[in-house]
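Engineer:
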Amino acid sequence: MPTESVKVTASEFPIGLSVVVPVYNSQGSLPLLVQRLHPVLESIGTPYELVLVNDGSRDESWRVVQELAQTHAWIRGYCLMRNFGQHNALLCGIRQARFATCVTMDDDLQNPPEEIPNLLAELHKGFDLVYGTPATRQHGTIRNLQSLVAKLVFEYLLGAKDSRKGSSFRLFRTRLRKAFIHYTGSFVSIDVLLTWGMANWSYVSVRHEPRKIGVSNQRLWKQMVHTVNIITTFSVRPLQFASLIGFLFTLFGFGVLLWVLGRFLILGSSFPGFPFIASAIAIFSGAQLFALGIIGEYLARMHFRLLERPAYVVSEEFSMEHSSHPPEVDSQ
Numbered sequence: 013m014p015t016e017s018v019k020v021t022a023s024e025f026p027i028g029l030s031v032v033v034p035v036y037n038s039q040g041s042l043p044l045l046v047q048r049l050h051p052v053l054e055s056i057g058t059p060y061e062l063v064l065v066n067d068g069s070r071d072e073s074w075r076v077v078q079e080l081a082q083t084h085a086w087i088r089g090y091c092l093m094r095n096f097g098q099h100n101a102l103l104c105g106i107r108q109a110r111f112a113t114c115v116t117m118d119d120d121l122q123n124p125p126e127e128i129p130n131l132l133a134e135l136h137k138g139f140d141l142v143y144g145t146p147a148t149r150q151h152g153t154i155r156n157l158q159s160l161v162a163k164l165v166f167e168y169l170l171g172a173k174d175s176r177k178g179s180s181f182r183l184f185r186t187r188l189r190k191a192f193i194h195y196t197g198s199f200v201s202i203d204v205l206l207t208w209g210m211a212n213w214s215y216v217s218v219r220h221e222p223r224k225i226g227v228s229n230q231r232l233w234k235q236m237v238h239t240v241n242i243i244t245t246f247s248v249r250p251l252q253f254a255s256l257i258g259f260l261f262t263l264f265g266f267g268v269l270l271w272v273l274g275r276f277l278i279l280g281s282s283f284p285g286f287p288f289i290a291s292a293i294a295i296f297s298g299a300q301l302f303a304l305g306i307i308g309e310y311l312a313r314m315h316f317r318l319l320e321r322p323a324y325v326v327s328e329e330f331s332m333e334h335s336s337h338p339p340e341v342d343s344q
């Protein structure tokens with residue numbers, strides 16, 4: 013088993029703010045992000061840091077991260093061995109956060125850093141987690157629709173009330189990571205993991221700016237796969253749904269049997285019609301295959317857990333405290 017990668021326990025968190033940003037093909041936007049983020053963090057008046065996690069970028073993002081970390085002592089960079097996914101990269105960054113409060117945001121400046129004080133003000137009202145909910149999302153219609161459907165599914169299947177108000181722009185107390193400090197699954201949802209230790213949460217309406225550099229790295233099919241993975245990893249509702257379908261079709265089949273027997277006893281003839289029988293068989297077979305498919309998804313999750321497939325693997329880290337080198341602990 014890999015050694016635990018968290019270097020600071022929850023009771024040792026000093027006052028301050030850790031900003032965690034997953035990085036993927038964003039070499040052009042990172043300097044602008046740091047430029048806008050620095051005065052905001054300075055105005056808060058507490059210690060701060062920026063944790064940049066390079067998630068297998070194909071451009072020069074890691075080189076830019078190293079240059080920024082070399083220029084600014086408050087920036088630390090981590091490079092993953094390959095692309096593990098946004099939430100996996102966030103998990104890596106959150107586990108490296110040093111301060112009592114943690115904020116996560118995207119690397120494309122669609123989450124304005126200037127909104128962080130508004131999230132902090134809401135958090136200080138006694139909440140554990142605050143989402144920056146975009147007043148108007150600057151995405152395409154299909155992307156917005158898919159995001160809404162995924163959040164509604166989460167709300168129903170995972171019991172996450174008002175999950176449609178969630179976003180990647182979130183501020184929370186770092187102590188929440190104690191709830192998932194030993195989580196080793198390869199399928200990660202930061203929002204679900206945070207609910208394991210969260211008592212209450214709120215949201216603040218924030219600006220969502222258009223992307224100015226590059227194009228979105230979020231593809232529709234990746235979002236769909238992520239949704240399916242999260243549902244089958246953190247909920248048993250699909251299994252319950254499959255059981256319900258099996259029960260309903262059992263009742264339907266029993267009703268057909270009574271109909272055929274009743275017709276034979278009353279009229280002395282069986283129920284005619286090969287199409288009806290063939291359709292009933294097709295329906296039952298489809299229901300069985302559907303249920304087996306759901307069960308197979310859960311077996312696959314168990315298979316990956318038995319393989320101890322890591323959520324991420326860090327190949328390098330860079331900061332003013334450490335030169336670029338493989339970290340002592342590289343996976344969890």
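Residues 13 to 344 in our numbering are what the sequence shown spells out, letter by letter. Note that beta-carbon positions come from the ideal geometry of N, C-alpha and C, so glycine has one too.
1. Taking buried to mean at least 16 other C-beta atoms within 10 Å of its own C-beta, is GLU328 buried or exposed?
2. Which residue comes first and which comes last in the beta strand (DSSP E) that contains TRP213?
3. Excluding the 5 residues flanking THR113 on each side, which residues of the same chain have their C-beta closer than 8 Å to its C-beta?
4. Taking a contact to mean a Cβ-Cβ separation below 8 Å, would you say ASP65 touches ALA109 in this structure?
5. Going by Cα to Cα distance, which pick from THR148, GLN98, SER179, SER214 is closest to SER138?
6. Would you identify the three-state DSSP class for ILE87, choosing helix, strand or coil?
7. Would GLY258 and ALA191 be called neighbours here (beta carbons separated by less than 8 Å)?
8. Pick from GLU333, ILE306, LEU103: whose alpha carbon is nearest that of VAL325?
9. Grab me the residues of PHE330's own chain with a C-beta within less than 6 Å of its C-beta, minus the 5 sequence neighbours each way, in chain order.
10. Ignore the nearest five residues each way along the sequence and tell me which others in SER179's own chain have a CB closer than 7 Å to its CB.
11. Just the C-alpha distance for VAL32 and ASP120, rounded to the nearest angstrom, thanks.
12. Kindly provide the ranges of any beta strand (DSSP E) runs that are 3 or more residues long and lie completely inside the stretch 56-85, ordered along the chain.
13. Could you check the C-alpha separation between GLY209 and ARG107 for me, to the nearest Å?
14. May I ask which residues mark the beginning and end of the beta strand (DSSP E) holding GLU329?
15. Pop quiz: PHE181 and MET117 are said to be a contact at Cβ under 8 Å. What is the actual Cβ separation, rounded to whole angstroms?
16. Among the residues of its own chain, which have a CB less than 6 Å from the CB of ASN130, if the five just before and after it don't count?
17. Could you tell me the distance, in whole angstroms, from the CA atom of MET332 to the CA atom of LEU206?
18. Just to confirm the assignment, what range does the alpha helix (DSSP H) spanning VAL204 have?
19. So is ASP71 buried or exposed if we call it buried at 16+ other beta carbons inside 10 Å?
20. With ARG107 as the anchor, note down where its alpha helix (DSSP H) starts and where it stops.
21. May I ask you to report which of helix, strand or coil DSSP gives SER30?
22. Sort out for me which residues DSSP pairs GLY274 with in a bridge.
23. Output the distance between the C-alpha atoms of LEU53 and VAL115, rounded to the nearest integer angstrom.
24. So, is GLU221 buried or exposed, given that buried needs 16 or more other C-beta atoms within 10 angstroms?
25. Does the beta carbon of PHE25 come closer than 8 Å to any beta carbon on chain C?
26. Given a cut-off of 8 Å, decide if GLY105 and PRO34 are closer than it, judged by their beta-carbon atoms.
27. CB of ASP119 to nearest heavy atom of the ligand COA: below 7 Å?
28. CA-CA distance, TRP86 and SER297?
29. PRO51: which of ILE202, PRO125, GLN39, GLY68 sits nearest, CA to CA?
Structural biologist: Reading it off the structure:
1. buried
2. 213-218
3. GLY28, LEU29, SER30, LEU132, LEU135, LEU183, PHE184, ARG185, THR186
4. The sequence as given places Val at residue 65; Asp does not occur at that position. Contact: no.
5. Strictly speaking, residue 138 in this sequence is Gly, with Ser absent from that position. Taking only the C-alpha atoms, the option nearest GLY138 is SER214.
6. strand
7. Their beta carbons are not under 8 Å apart, which means GLY258 does not touch ALA191 by this criterion.
8. VAL325 has its Cα closest to that of LEU103, out of GLU333, ILE306, LEU103.
9. Cβ neighbours of PHE330 within its own chain (closer than 6 Å, five residues either side excluded): GLN78, ALA81, GLY89, SER336.
10. Only TYR143, GLY144, THR145, PRO146 meet the Cβ criterion.
11. Taking the straight line from one Cα to the other gives about 13 Å.
12. 60-66
13. 15 Å
14. 326-330
15. About 5 Å separates the beta carbon of PHE181 from that of MET117, a gap short enough to meet the 8 Å contact definition.
16. VAL216
17. So the alpha carbons of these two residues sit roughly 30 Å apart.
18. 202-207
19. Exposed, since its Cβ has fewer than 16 Cβ neighbours within 10 Å.
20. 98-108
21. Correct three-state label for SER30: strand.
22. Answer is none; GLY274 lacks a bridge partner.
23. 11 Å
24. exposed
25. Looking at the structure shown, chain C is missing, and only one protein chain is on hand.
26. yes
27. Judged by which ligands are present, the structure shown has none, so any question about the ligand COA falls away.
28. 60 Å
29. PRO125
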